[in-house]
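Heads up: the sequence shown runs through residues 765 to 1033, numbered per our numbering. Heads up, the beta-carbon is just placed ideally off N, CA and C, and yes, glycines get one too. Computed from a predicted structure; not experimentally measured.
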Amino acid sequence: MRPWRWLAGLFGGASARDVEIPQASWQRVCCEQPELASLSDDEFERLRSLAGRFLVGRPFYAGGAIELTDSMQLRIAALASLPVLELGMEWLEGIRSVIVYADAFEVDHEEVDEDGVVHHVRDLRAGEAWSHGTLVLSWADVEAGLDPDYATSVVIHEVAHFIDGVNGAENGFPPLDKGHDRARWTHDFQTAFDRLNREVDAGDEPVIDPYAATNPAEFFAVLSEYFFRLPESLWDFDPVLFGHLSRFYGQDPLARLARTPAGKIPQGV
Ligand SMILES: [Zn+2]
765 MRPWRWLAGL
775 FGGASARDVE
785 IPQASWQRVC
795 CEQPELASLS
805 DDEFERLRSL
815 AGRFLVGRPF
825 YAGGAIELTD
835 SMQLRIAALA
845 SLPVLELGME
855 WLEGIRSVIV
865 YADAFEVDHE
875 EVDEDGVVHH
885 VRDLRAGEAW
895 SHGTLVLSWA
905 DVEAGLDPDY
915 ATSVVIHEVA
925 HFIDGVNGAE
935 NGFPPLDKGH
945 DRARWTHDFQ
955 TAFDRLNREV
965 DAGDEPVIDP
975 YAATNPAEFF
985 AVLSEYFFRL
995 PESLWDFDPV
1005 LFGHLSRFYG
1015 QDPLARLART
1025 PAGKIPQGV
């Protein structure tokens, strides 16, 4: 595949370490993207710097017939950098390249059923986090995220898998800081995961996407999507987990919502 080049020459200021993202382009991406619209001025500038670093040394490849524009790469870089705004870009060192398809793409994989029988399955994916360092995305699904009511953020979901895997395993248990109670995290996430599975098994409609019940890694990735995109829904699902993720990511998207004119906080927060 031929890598698409970030048109640093057009935008100027590019160095070996980062790309200087023009203010007007950055402003447009942040205003349009629901997760980014309520950033403070300080967060807005720090995220711009992180996104510039993301764009260096991570070639973007077109998966099929899609033209990858600068603004598409910028939107992906901005969303990928949001979860590490306080953690730091080193958490994304596992991402070495990005492949973007125009739409959902077919993936062949194996599934083991309850009897231990392996089935070869082909299904459609909106994104994948390949363990050797490739972030794969469907642009149609990235773009769908411009609708504030759309629950999914495929970029944040896949980036959360990479963050989860920083300590070697994607298992819903990323490295926590020293003061964060590991036993408490495990207990609280397991309790909520079991509750979600009971709701799904009973045919109830959970507050969050039932895909989160697939396994602990998907639980962490889906919860991370809700944390940044629909924090009120995550709070409704489980305020304790909201607290854990707020501590882990070092961010409070509910407080951000309260700063925006259209924002609101659920009762009791
Ligand atoms: Zn996933």
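Item, Value
"Which residues DSSP lists as bridging ILE863, in chain order", "TYR825 and VAL900"
"DSSP bridge partner residues for GLY891 (one or two, in chain order)", "LEU901"
"Extent of the continuous beta strand (DSSP E) run through PHE991", "Run containing PHE991: none in the beta strand (DSSP E); it sits in the alpha helix (DSSP H), 980 to 993."
"Beta-carbon spacing of HIS896, ASP887 below 9 angstroms", "no"
"Spatial neighbours of GLY1032 in its chain, beta-carbon cut-off 6 angstroms, leaving aside the 5 residues before and after", "Per-residue confidence for GLY1032 stands at a pLDDT of 36, beneath the threshold of 50, marking its modelled position as unreliable; the derived number appears in the next sentence. Same-chain partners within the cutoff: there are none."
"Straight-line gap, ASP867 to ASP905 (C-alpha atoms, nearest Å)", "7 angstroms"
"8 angstroms CB neighbourhood of VAL964 in its chain, flanking five on each side removed", "PRO970, PRO974 and ALA977"
"ALA890 vs THR916 beta-carbon contact at 9 angstroms", "yes"
"Assigned secondary structure, ASP782 (DSSP; H/G/I helix, E/B strand, else coil)", "coil"
"Straight-line Cα distance separating VAL885 from ALA707", "In the structure as shown, the chain begins at 765 and stops at 1033. Residue 707 is therefore absent and cannot be evaluated."
"Span separating the alpha-carbon of GLU870 from that of GLY943", "42 angstroms"
"Test item: CB-CB of ILE927 and LEU856 under 9 angstroms", "yes"
"Host beta strand (DSSP E) of ASP872 (start-end)", "869 to 876"
"Same chain, Cβ closer than 6 angstroms to GLU892, five either side skipped, listed in chain order", "VAL900"
"The stretch 823 to 830 / the stretch 794 to 804 touching (three or more Cβ pairs under 8 angstroms)", "no"
"Proximity test, Cβ basis, 9 angstroms: GLU969 and chain B", "In the displayed structure, chain B is absent; only one protein chain is listed."
"Rounded straight-line distance, which links the Cα of LEU849 to that of ILE972", "24 angstroms"
"beta-carbon GLU1052 near ligand 1 non-hydrogen atom, thresh 8 angstroms", "It is not possible to answer for residue 1052, since the shown part of the chain is limited to 765 through 1033."
"Beta-carbon spacing of ALA844, ALA826 below 9 angstroms", "no"
"Heavy atom of ligand 1 within 8 angstroms of ALA956 beta-carbon", "no"
"Residue ranges of each alpha helix (DSSP H) within the stretch 915 to 944, 4 or longer", "918 to 928"
"GLU796 beta carbon near ligand 1 (any heavy atom closer than 8 angstroms)", "no"
"Check whether ILE859 and LEU819 have beta carbons under 9 angstroms apart", "no"
"Pair within 9 angstroms by beta-carbon distance, PHE861 and PRO823", "Correcting the residue identity first, residue 861 is Ser in this sequence and not Phe. Result yes, Cβ atoms of SER861 and PRO823 sit closer than 9 angstroms."
"Whole runs of the alpha helix (DSSP H) within the stretch 824 to 856, excluding any shorter than 4 residues", "834 to 845"
"CB of LEU1005 within 9 angstroms of CB of ALA966, strictly", "no"
"Any non-hydrogen atom of ligand 1 closer than 8 angstroms to GLU982 Cβ", "yes"
"Residue of ASP958, ASP879 and ARG810 minimising C-alpha distance to ASP1002", "ASP958"
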